[in-house]
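Under the UniProt record's numbering, the first residue of the sequence shown carries the number 1, and numbering increases by one thereafter. For every residue, glycine included, the Cβ atom is placed at its ideal position computed from N, Cα and C. None of the values given here were measured: they were computed from a predicted structure.
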Amino acid sequence: MSKPMKLHKHAVKTVVVPAAGLGTRFLPATKTVPKELLPVVDTPGIELIAEEAAELGASRLAVITAPKKQGVLAHFQEHPELERTLEERGKDEQLDKVRRAPSLIRAVPVEQDKPLGLGHAVGLAEEVLDDDEDVVAVMLPDDLVLPTGVMERMAEVRAELGGSVLCAFQVEPDQVSNYGVFDIEEVDTEAGDVKRVLGMVEKPAREDAPSTFVATGRYLLDRAIFDALRRIEPGKGGELQLTDAIELLITEGHPVHIVIHDGRRHDLGNPGGYIRACVDYGIHHPEYGPSLRRWVAELLESD
Ligand code: UTP
Numbered sequence: 001m002s003k004p005m006k007l008h009k010h011a012v013k014t015v016v017v018p019a020a021g022l023g024t025r026f027l028p029a030t031k032t033v034p035k036e037l038l039p040v041v042d043t044p045g046i047e048l049i050a051e052e053a054a055e056l057g058a059s060r061l062a063v064i065t066a067p068k069k070q071g072v073l074a075h076f077q078e079h080p081e082l083e084r085t086l087e088e089r090g091k092d093e094q095l096d097k098v099r100r101a102p103s104l105i106r107a108v109p110v111e112q113d114k115p116l117g118l119g120h121a122v123g124l125a126e127e128v129l130d131d132d133e134d135v136v137a138v139m140l141p142d143d144l145v146l147p148t149g150v151m152e153r154m155a156e157v158r159a160e161l162g163g164s165v166l167c168a169f170q171v172e173p174d175q176v177s178n179y180g181v182f183d184i185e186e187v188d189t190e191a192g193d194v195k196r197v198l199g200m201v202e203k204p205a206r207e208d209a210p211s212t213f214v215a216t217g218r219y220l221l222d223r224a225i226f227d228a229l230r231r232i233e234p235g236k237g238g239e240l241q242l243t244d245a246i247e248l249l250i251t252e253g254h255p256v257h258i259v260i261h262d263g264r265r266h267d268l269g270n271p272g273g274y275i276r277a278c279v280d281y282g283i284h285h286p287e288y289g290p291s292l293r294r295w296v297a298e299l300l301e302s303d
């Protein structure tokens, strides 16, 4: 049984984690290993997301998986045989690591038979929601947003302004063509980190970009998103786009705001971003950090 909504401190019970994509940018590693299980230092990306979801106070992780990616959910299940062996050998620290993912949050599987797009994947999560859930969080497991805590700020903004709230980063003007860019207007709030969204433009040329605020993989979506997802048409490759459903809500007057996050992000979905994440986590790691820092400095000097 899940806890009632009122016991969730940020009014978010379910975090949806779409993890059924093909991961083509990360082949050949992703031929057999789901990209969500690739480790950042020693922890799979999806466990970092589960930790962020638990910090938000959510109690359910709806993991969208593909038939061939069962290992993703297995990471959130107990492993009695391994646990027994570690226990017998007195490897307590390793035992804690094995038990950590299942203890963070309750993961429930939602199967996506075919990769029909992020919008399609998110739409499938409706079946696991309770009647008292009027909002759902979506966290993309290949997007690390640091420091964590932006979802809490997004929940505050929803409490104040209603509707849906997305996370944005500001990038240099010459970078906008790599991202989904927000068309925004100012809002009158005390903190300057919130803007109202008028629309979105996918990967615009620099001169056509409506702003330098770009989308990330963190969404706090009103339950109305599921109805919108049923009403949009598939785009290229037959995929249902989540941003099309958000755009539909905007045109119908549903309030959508962004919170501008001041921090770092890493795209774990491609090798370049993944390496950066490993270096970032690595140099801040209590055990590996000090020697890694020295080694990187020496390497750069000798290069
Ligand atoms: P991406 O486009 O980044 O992931 O989707 P992908 O399709 O796996 O990657 P490439 O482009 O082939 O390298 C963002 C997130 O949405 C999930 C992905 O698993 C990823 O976490 N997704 C995408 C689904 O769950 N289902 C889909 O049909 C598509």
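Practice prompt. Go ahead and pull the three-state DSSP assignment for PHE76.
Written response: Sequence index remark: in the sequence shown, residue 76 carries index 76 (1-based). Coil.
Discussion item. Please report the distance separating the alpha-carbon of LEU118 from that of VAL136.
Written reply: Working through the sequence shown from its first residue, we reach residue 118 at position 118. Working through the sequence shown from its first residue, we reach residue 136 at position 136. Spanning the two alpha carbons is a distance of roughly 15 Å.
Practice prompt. Go ahead and label PRO141 buried or exposed: buried means 16 or more other beta carbons lie within 10 angstroms of its beta carbon, across all protein chains shown.
Written response: Along the sequence shown, one-based indexing puts residue 141 at 141. Result: buried.
Worksheet item: Does the distance from the C-beta atom of ARG293 to that of LEU144 stay below 8 Å?
Response: By one-based count along the sequence shown, residue 293 stands at place 293. By one-based count along the sequence shown, residue 144 stands at place 144. Not closer than 8 Å, so no.
Worksheet item: Below 8 Å between beta carbons: does that hold for ASP222 and HIS257?
Response: Within the sequence shown, the letter at position 222 stands for residue 222. Within the sequence shown, the letter at position 257 stands for residue 257. Result no, Cβ atoms of ASP222 and HIS257 do not sit closer than 8 Å.
Worksheet item: Considering only C-alpha positions, which residue in the set MET200, GLY45, PRO18 is nearest to ASP113?
Response: Within the sequence shown, the letter at position 113 stands for residue 113. Considering only alpha carbons, the answer is PRO18.
Worksheet item: For THR148, which residues from the same chain have a beta carbon less than 7 Å from its beta carbon, with the 5 sequence-adjacent residues on both sides left out?
Response: Position 148 of the sequence shown, counted from the start, is the residue given in the question as residue 148. Counting only Cβ-Cβ distances below 7 Å, and skipping sequence neighbours, we find GLU52, GLU55.
Worksheet item: Is GLN170 near ligand 1, judged by its Cβ being under 7 Å from some heavy atom?
Response: Taking the first residue of the sequence shown as position 1, residue 170 is located at position 170. No - ligand 1 has no heavy atom lying nearer than 7 Å to the Cβ of GLN170.
Worksheet entry | ASP142 CB to nearest heavy atom of ligand 1 below 7 Å | Within the sequence shown, residue 142 is the residue found at index 142, counting from 1. Checking every heavy atom of ligand 1 against the Cβ of ASP142, one is found closer than 7 Å.
Worksheet entry | Inter-residue spacing [alpha-carbon to alpha-carbon] between GLU156 and SER2 | What you label residue 156 is simply residue 156 of the sequence shown in a count that begins at 1. What you label residue 2 is simply residue 2 of the sequence shown in a count that begins at 1. So the alpha carbons of these two residues sit roughly 23 Å apart.
Practice prompt. Report yes if the C-beta of GLN112 is less than 7 Å from at least one heavy atom of ligand 1; otherwise report no.
Written response: Translated into positions along the sequence shown, residue 112 becomes position 112. Yes, Cβ of GLN112 sits closer than 7 Å to a heavy atom of ligand 1.
Discussion item. Using only the alpha-carbon positions, how far apart do PHE182 and LEU38 sit?
Written reply: Start at 1 with the first residue of the sequence shown, and residue 182 comes out as number 182. Start at 1 with the first residue of the sequence shown, and residue 38 comes out as number 38. About 30 Å.
Worksheet item: Below 8 Å between beta carbons: does that hold for GLY180 and ALA215?
Response: Numbered from 1 along the sequence shown, position 180 holds the residue referred to as residue 180. Numbered from 1 along the sequence shown, position 215 holds the residue referred to as residue 215. Closer than 8 Å, so yes.
Discussion item. Which residue marks the beginning of the beta strand (DSSP E) containing TYR219, and which one marks its end?
Written reply: Within the sequence shown, the letter at position 219 stands for residue 219. Run containing TYR219: 213-222, per the beta strand (DSSP E) assignment.
Discussion item. On the CB-based measure, 16 or more other CB atoms within 10 Å of its CB, does HIS10 come out buried or exposed?
Written reply: Here residue 10 refers to the residue found at position 10 when the sequence shown is read from its first residue. Answer is buried; the Cβ neighbour count reaches 16.
Discussion item. Quick check on PRO286 - is its C-beta less than 8 Å from some C-beta in chain B?
Written reply: Although the question refers to chain B, the structure presented lacks it and comprises just one protein chain.
Worksheet item: For CYS195, which three-state DSSP category applies?
Response: Translated into the one-based positions of the sequence shown, residue 195 becomes position 195. Note that residue 195 is Lys in the sequence shown, not Cys. LYS195 falls in the strand class under three-state DSSP.
Worksheet item: Do ILE246 and GLN170 have their CB atoms nearer than 8 Å?
Response: Here residue 246 refers to the residue found at position 246 when the sequence shown is read from its first residue. Here residue 170 refers to the residue found at position 170 when the sequence shown is read from its first residue. No. Outside cutoff.
Worksheet item: Using 8 Å as the threshold, is the stretch 67-79 in touch with the stretch 118-128, meaning 3 or more CB pairs across them?
Response: no
Discussion item. Could you check whether the Cβ of LEU229 sits closer than 7 Å to any heavy atom belonging to ligand 3?
Written reply: This structure does not include ligand 3; its bound ligands are ligand 1.
Worksheet entry | Residues sharing a beta bridge with ALA19, DSSP | The count along the sequence shown starts at 1 and reaches residue 19 at position 19. Note: ALA19 sits in a beta bridge opposite THR65.
Worksheet item: Would a C-beta distance cut-off of 8 Å place GLU47 and ALA107 closer than the cut-off?
Response: In the sequence shown, the residue the question calls residue 47 occupies position 47. In the sequence shown, the residue the question calls residue 107 occupies position 107. No, the pair does not count as a contact, with Cβ atoms beyond the cut-off.
Discussion item. According to DSSP, is SER103 part of a helix, a strand, or is it coil?
Written reply: Position 103 of the sequence shown holds residue 103. SER103: helix per DSSP, three-state reduction.
Discussion item. Output needed for LEU268: all residues of its chain with C-beta closer than 8 Å, excluding positions within five of it in sequence on either side, in chain order.
Written reply: Working through the sequence shown from its first residue, we reach residue 268 at position 268. Excluding positions up to five away in sequence, the list reads LYS35, LEU38, VAL40, GLY45, PRO141, ASP142, ASP143, LEU144, TYR274, ALA277.
Fill in: Element boundaries [alpha helix (DSSP H), containing ARG294]
Locating residue 294 in the sequence shown gives position 294, counting from the first residue. Unbroken alpha helix (DSSP H) run through ARG294: 289-302.
Practice prompt. Would you tell me roughly how many angstroms separate the C-alpha atoms of ARG196 and LEU299, rounded to the nearest one?
Written response: Here residue 196 refers to the residue found at position 196 when the sequence shown is read from its first residue. Here residue 299 refers to the residue found at position 299 when the sequence shown is read from its first residue. Roughly 45 Å between the two C-alpha positions.
Worksheet item: Going by beta carbon distance, what residues of the same chain come within less than 7 Å of SER211, once the five residues before and after it are set aside?
Response: Indexing the sequence shown from 1 puts residue 211 at position 211. So the list reads VAL181, PHE182, ASP183, ILE184, once near-sequence residues are dropped.
Discussion item. If you follow the alpha helix (DSSP H) that ILE246 is in, where does it begin and where does it stop?
Written reply: As a first step, residue 246 is located in the sequence shown; it is residue number 246 there, counting from the start. Taken as a continuous stretch (DSSP letters only), the alpha helix (DSSP H) holding ILE246 covers 242-251.
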